[in-house]
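Reading through the structure tokens given below for one structure.
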Amino acid sequence: MARISKIVTKQGDGGQTGLGDGKRVSKHNLRVVVYGEVDELNSFIGVCISLGAAPKDYLEKIQNDLFDIGGDLCFPESKNKRFVFSEKKLAILDENIEIASKDLPPLENFILPGGPAPSAFLHLARCVARRAERSFWLLSDSESVNLAIGKYLNRLSDYLFILARKNGGEEKDIWNVEN
Numbered sequence: 135m136a137r138i139s140k141i142v143t144k145q146g147d148g149g150q151t152g153l154g155d156g157k158r159v160s161k162h163n164l165r166v167v168v169y170g171e172v173d174e175l176n177s178f179i180g181v182c183i184s185l186g187a188a189p190k191d192y193l194e195k196i197q198n199d200l201f202d203i204g205g206d207l208c209f210p211e212s213k214n215k216r217f218v219f220s221e222k223k224l225a226i227l228d229e230n231i232e233i234a235s236k237d238l239p240p241l242e243n244f245i246l247p248g249g250p251a252p253s254a255f256l257h258l259a260r261c262v263a264r265r266a267e268r269s270f271w272l273l274s275d276s277e278s279v280n281l282a283i284g285k286y287l288n289r290l291s292d293y294l295f296i297l298a299r300k301n302g303g304e305e306k307d308i309w310n311v312e313n
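Laid out in structure tokens, this is it:
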């Protein structure tokens with residue numbers, strides 16, 4: 135288990151931060167950007183939970199998965215590194231997608247993001263998941279990364295969309311194309 139011994143270190147005051155292996159990099163380093171976006175996603179899911187979004191228990195498991203993803207991402211790949219995040223968590227997410235979507239009617243139109251607060255924030259979390267996924271795949275173009283993370287972020291955005299529908303997203307709020 136990771137421990138935080140000190141919050142304020144003053145090491146980042148010059149625009150640099152330390153990766154898990156101790157290497158100093160710019161705070162706009164793509165690896166730092168990706169795990170920052172995953173952290174932002176985790177915070178949005180916390181907001182969704184605080185607003186009563188369901189299923190709370192599984193959303194909390196997702197928050198733990200996102201910490202594992204951050205743990206993987208803060209360490210550049212090395213020959214001796216074991217990934218914290220595993221494909222098993224992707225399989226569990228896939229199972230939860232099936233469970234959550236089985237009683238939803240099929241979509242015939244795009245729906246507008248919004249609805250009650252839990253639904254609206256689940257849509258926002260979905261967008262952050264998509265941004266984190268895009269940044270992750272950009273990072274994968276130049277560095278060795280755990281590809282299960284990209285798959286998980288992709289599926290997570292789908293799951294958050296399904297939950298937005300289940301948590302009060304109004305199907306009547308559809309995109310009206312004006313010709």
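Going by our numbering, the first residue of the sequence shown is number 135, and it counts up by one from there. All residues carry an ideal CB built from backbone N, CA and C; glycine is no exception. Bear in mind that the values here come from a model prediction, so they are computed numbers and not experimental data.
Point to revise | CB of P239 within 8 Å of CB of R165, strictly | key: no
**Study point:** Neighbourhood of V181 by C-beta distance below 6 Å, restricted to the same chain and skipping five residues each side
**Key:** F255
Review point. Does DSSP put S160 in a helix, a strand or coil?
Key: strand
Review point. Rounded to a whole number of angstroms, what is the C-alpha to C-alpha distance between G232 and L193?
Key: Inspection of the sequence shows that residue 232 is occupied by Glu rather than by Gly. Their Cα atoms are separated by approximately 15 Å.
Check your understanding: For F178 versus L258, is the C-beta spacing smaller than 8 Å?
Key -> yes
Exercise for review: List the residues that DSSP assigns as beta-bridge partners of G152.
Suggested key: R158
Check your understanding: Of the choices A187, D199, E242, whose alpha-carbon is the least far from that of K285?
Key -> D199
Review point. Do the stretch 217 to 226 and the stretch 162 to 176 touch if we need at least three Cβ pairs shorter than 8 Å?
Key: no
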